[in-house]
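Peer 1: Per my numbering, the sequence shown starts with residue 65, numbered consecutively.
Glycine is no exception: its CB is placed at the ideal position from the N, C-alpha and C atoms.
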Amino acid sequence: MIFFRVSVRDQRLGANVGSAQGPTGLGKYLMRSPTGEVIFGGETKHFWDLRAPWLEPLRGPNGLDLSRLKKDIQPWQERRSAEYMTHAPLASLNFVGGVATEINAINYVSLRSWLATSHFVIGFFLFVGHLWHAGRARAAAAGFEKGIDRDFEPVLSMTPLN
65 MIFFRVSVRD QRLGANVGSA QGPTGLGKYL MRSPTGEVIF GGETKHFWDL RAPWLEPLRG
125 PNGLDLSRLK KDIQPWQERR SAEYMTHAPL ASLNFVGGVA TEINAINYVS LRSWLATSHF
185 VIGFFLFVGH LWHAGRARAA AAGFEKGIDR DFEPVLSMTP LN
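What follows is the structure in structure tokens.
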């Protein structure tokens, strides 16, 4: 799971996974569930009730054991957790392109997201244009719009083509 790999990476960089808070005020790495169990935090969790072979050795009597998370993570657990990493389905509207094989993978907007957004925006302006045109047509039919004075159109003084 990505939250596990992120917490391992940040711990190596010096983060205190037991007390770090994110911008929302939730625990960035760890927090307590409503039952009091220590779980992966609100900013990083995906499946806090996960039972996985690489995660079970890190559990204590009250959920995840902080001392084990700080000292006992083995390389095989980190490798195995990568197999559980989740992402949005390929080409879904919130998919950011490419399967995340690295924890620092670059995010980019997929073609499907660009197309969906651009068609929505263009459709919106087309709809607004129809409303605008309907209003102008009603006003012209009622005599409120003067419009262009057609008496001085250059085409009126031209000879017919055939």
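#1: Could you compute how far the alpha carbon of Gly187 sits from the alpha carbon of His194?
#2: Could you tell me the alpha carbon to alpha carbon distance between Arg214 and Trp196, rounded to whole angstroms?
#3: Tell whether a beta-carbon distance below 7 Å holds between Ser145 and Trp178.
#4: Considering only the alpha carbon of each residue, which of Val81, Trp140, Glu217 lies closest to Phe104?
#5: Whole angstroms are fine: how far does the CA of Leu175 sit from the CA of Gly124?
#6: Please list, in chain order, all residues of the same chain as Ser221 whose beta carbon is under 6 Å from its beta carbon, the five residues on each side excluded.
#7: Could you work out which residue in Pro121, Arg143, Ala198 is closest to Lys135 when comparing CA atoms only?
#8: For Phe216, I'd like the list of residues in its chain whose CB is within less than 6 Å of its CB, leaving aside the five on either flank, ordered along the chain.
#9: I need the straight-line Cα distance from Ala203 to Asn226, nearest angstrom please.
#10: Could you tell me which whole beta strand (DSSP E) segments of length 3 or greater appear in the stretch 70-96?
#11: Could you tell me the alpha carbon to alpha carbon distance between His110 and Ser131, rounded to whole angstroms?
#12: Using the rule of at least 16 other Cβ atoms within 10 Å of the residue's Cβ for burial, across every protein chain shown, is Ser228 buried or exposed?
#13: My output table needs one value for Leu227: the three-state DSSP class, helix, strand or coil.
#14: Counting only runs of 4+ residues fully inside the stretch 122-150, write out the alpha helix (DSSP H) ranges in chain order.
Peer 2: A quick look at the data gives this:
#1: 11 Å
#2: 22 Å
#3: No; because the gap between Cβ atoms is not below 7 Å, this pair is not in contact.
#4: Across the set Val81, Trp140, Glu217, the C-alpha of Val81 shows the shortest separation from the C-alpha of Phe104.
#5: The alpha-carbon of Gly124 is positioned some 45 Å away from that of Leu175.
#6: none
#7: Pro121
#8: none
#9: Cα to Cα, the separation comes out at about 36 Å.
#10: 94-96
#11: Confidence is the limiting factor: at His110 the pLDDT is only 49, short of 50, which leaves the residue's position unreliable, though a coordinate-based value still follows. Approximately 22 Å, taken between the alpha carbons.
#12: Summary: the structure shown does not reach residue 228, with the chain confined to residues 65 through 226, and so no result is reported for it.
#13: Nothing about residue 227 can be reported from this structure: the residues present for the chain run from 65 to 226 only.
#14: 130-135, 139-146
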